[in-house]
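Chemist: Let me begin by handing over the structure; questions about it come next.
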Amino acid sequence: EPEVTQTPSHQVTQMGQEVILRCVPISNHLYFYWYRQILGQKVEFLVSFYNNEISEKSEIFDDQFSVERPDGSNFTLKIRSTKLEDSAMYFCASTEGRSNTGELFFGEGSRLTVL
Amino acid sequence: AQSVTQLDSQVPVFEEAPVELRCNYSSSVSVYLFWYVQYPNQGLQLLLKYLSGSTLVKGINGFEAEFNKSQTSFHLRKPSVHISDTAEYFCAVSDLRGYSTLTFGKGTMLLVSP
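As given, the protein sequences belong to chains Z and W, one line each in that order.
Going by this note's numbering, 12 is the number at position 12 of the first sequence; the sequence numbering is gapless.
Add 115 to the 1-based position in the second sequence for this note's numbering, that's all there is to it.
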């Protein structure tokens, strides 16, 4: 069964460093998402991406964050200068298209620890 | 904007007992409703969803949920749980746009013991 894959599964970084989290969505999907979950808190929407541009973003997704689909298969989330509060589990998700009924297919997550 | 409240952060239950995980939502527009499950060290997996029609929806692994519009609730139930049901359960809503942004609750940890 097709699945969304994410790398790395766990990354530890120093505050102020740049981090790139990678995702390979399901191949025929057109909409891509990043969510995050800070330990003990809700899963929060960060950004959605369609047709090579951001379609929606939350207030969490500030100038420190960026997304890219560099090669037609990967979907990346970059954090330019990490802060302690960026420590979280980051989930990538994808879905087929505009007619979808809200079901997202999630990856297993990338745990980011900022020291 | 929508919001989701899961009142119980943790629900301990014995194997073969029934369980209900509560979810309430608020929204100014009509929504789709979902339950996702996260097993240890795995991603979020769709358990069931309500889009329209019958208010009682059945999902995988013997779970079901009932949509109650007047009470704005979508509680998840299972008549007899197994050890393998131990996981985190997330209630979520999305509005009716074709591309959907999910709003999640904080999650409920279901702990099934022998």
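Ideal placement from N, C-alpha and C gives every residue a C-beta, glycine not left out.
At 9 Å on the CB atoms, spell out the chain Z contacts of K221 of chain W, in chain order.
Modeler: Mapped onto the second sequence, residue 221 of chain W falls at position 106. Here the neighbours are G40, Q41, K42, V43.
Chemist: Go through its chain and collect everything with a Cβ distance to T13 of chain Z's Cβ below 8 Å, but skip five positions before and after it.
Modeler: As a position in the first sequence, residue 13 of chain Z is number 13, starting the count at 1. Closer than 8 Å at Cβ, skipping near neighbours: V19, T82, L112, T113, V114, L115.
Chemist: Could you compute how far the alpha carbon of F178 of chain W sits from the alpha carbon of L171 of chain W?
Modeler: By 1-based counting over the second sequence, the position of residue 178 of chain W is 63. By 1-based counting over the second sequence, the position of residue 171 of chain W is 56. Rounded to whole angstroms, F178 of chain W to L171 of chain W spans 11 Å at the Cα level.
Chemist: Buried or exposed, going by whether 16 or more other CB atoms sit within 10 Å of the CB of D117 of chain Z?
Modeler: Because chain Z is modelled from 1 through 115, residue 117 of chain Z falls outside the range shown and cannot be assessed.
Chemist: In the structure shown, what three-state DSSP assignment does D210 of chain W receive?
Modeler: As a position in the second sequence, residue 210 of chain W is number 95, starting the count at 1. Of the three classes helix, strand and coil, the one that applies to D210 of chain W here is strand, per DSSP.
Chemist: Could you tell me whether the Cβ of G16 of chain Z comes closer than 7 Å to any Cβ of chain W?
Modeler: As a first step, residue 16 of chain Z must be located in the first sequence, where it is residue number 16. Judged by the 7 Å Cβ criterion, G16 of chain Z is not in contact with chain W.
Chemist: If we ignore side chains and look at the alpha-carbon of each, how far apart do L119 of chain W and N176 of chain W end up?
Modeler: Counting from one through the second sequence, the residue named residue 119 of chain W turns up at place 4. Counting from one through the second sequence, the residue named residue 176 of chain W turns up at place 61. In the sequence as displayed, the identity of residue 119 of chain W is Val instead of Leu. Between V119 of chain W and N176 of chain W, the C-alpha separation is close to 23 Å.
Chemist: In chain Z, which residues lie with their C-beta within 7 Å of the C-beta of F205 of chain W?
Modeler: Indexing the second sequence from 1 puts residue 205 of chain W at position 90. Neighbours of F205 of chain W on chain Z, chain order: V43.
Chemist: Taking only beta-carbon positions, decide if E1 of chain Z is within less than 7 Å of chain W.
Modeler: Taking the first sequence and counting its residues from 1, the one referred to as residue 1 of chain Z is at position 1. Cβ-Cβ to chain W under 7 Å: no for E1 of chain Z.
Chemist: Residues bridged to K78 of chain Z by DSSP?
Modeler: Stepping through the first sequence from its first residue, residue 78 of chain Z is reached at position 78. DSSP lists Z:I20, Z:S66 as partners of K78 of chain Z.
Chemist: What is the rounded straight-line gap between the Cα of G168 of chain W and the Cα of R80 of chain Z?
Modeler: Translated into the one-based positions of the second sequence, residue 168 of chain W becomes position 53. Translated into the one-based positions of the first sequence, residue 80 of chain Z becomes position 80. Taking the straight line from one Cα to the other gives about 46 Å.
Chemist: Listing by chain order, which chain Z residues have their CB less than 7 Å from the CB of L161 of chain W?
Modeler: For the purposes of this step, residue 161 of chain W is identified with residue 46 of the second sequence, where counting begins at 1. Here the neighbours are E103.
Chemist: To the nearest angstrom, report how far apart P8 of chain Z and T216 of chain W are at their CA atoms.
Modeler: Here residue 8 of chain Z refers to the residue found at position 8 when the first sequence is read from its first residue. Here residue 216 of chain W refers to the residue found at position 101 when the second sequence is read from its first residue. Approximately 24 Å between the Cα atoms of the pair.
Chemist: When you compare the CB of G72 of chain Z with every CB in chain W, is at least one pair closer than 7 Å?
Modeler: Residue mapping note: residue 72 of chain Z aligns to position 72 of the first sequence, counting from 1. Closer than 7 Å: no.
Chemist: Cβ of A180 of chain W within 7 Å of Cβ of L191 of chain W?
Modeler: Sequence index remark: in the second sequence, residue 180 of chain W carries index 65 (1-based). Sequence index remark: in the second sequence, residue 191 of chain W carries index 76 (1-based). In contact: A180 of chain W and L191 of chain W (Cβ atoms closer than 7 Å).
Chemist: Going along the chain, which residues of its own chain have a beta-carbon closer than 6 Å to the beta-carbon of P133 of chain W, five neighbours each way excluded?
Modeler: Position 18 of the second sequence, counted from the start, is the residue given in the question as residue 133 of chain W. Only P194 meet the Cβ criterion.
Chemist: Within 10 Å of its beta-carbon, does V208 of chain W have 16 or more other beta-carbons around it, so buried, or fewer, so exposed?
Modeler: As a first step, residue 208 of chain W must be located in the second sequence, where it is residue number 93. Answer is buried; the Cβ neighbour count reaches 16.
Chemist: Looking at V43 of chain Z: is its Cβ nearer than 7 Å to the Cβ of Y35 of chain Z?
Modeler: Here residue 43 of chain Z refers to the residue found at position 43 when the first sequence is read from its first residue. Here residue 35 of chain Z refers to the residue found at position 35 when the first sequence is read from its first residue. Against a cut-off of 7 Å, the Cβ pair of Y35 of chain Z and V43 of chain Z comes out as a contact.
Chemist: Within a Cβ cutoff of 7 Å, which residues of the same chain sit near E103 of chain Z, ignoring the five residues on either side of it in sequence?
Modeler: For the purposes of this step, residue 103 of chain Z is identified with residue 103 of the first sequence, where counting begins at 1. Once the five neighbours on either side are set aside, the close Cβ partners of E103 of chain Z are T95.
Chemist: My assumption, with CB atoms under 8 Å, is that L46 of chain Z sits in contact with F65 of chain Z. Please give the rounded CB distance.
Modeler: Numbered from its first residue, the first sequence carries residue 46 of chain Z at position 46. Numbered from its first residue, the first sequence carries residue 65 of chain Z at position 65. That pair is a contact at about 7 Å.
Chemist: Below 6 Å CB to CB, which residues in the same chain sit around E68 of chain Z once its five sequence neighbours on both sides are set aside?
Modeler: Position 68 of the first sequence, counting from 1, holds the residue named residue 68 of chain Z. Hits under 6 Å: T76.
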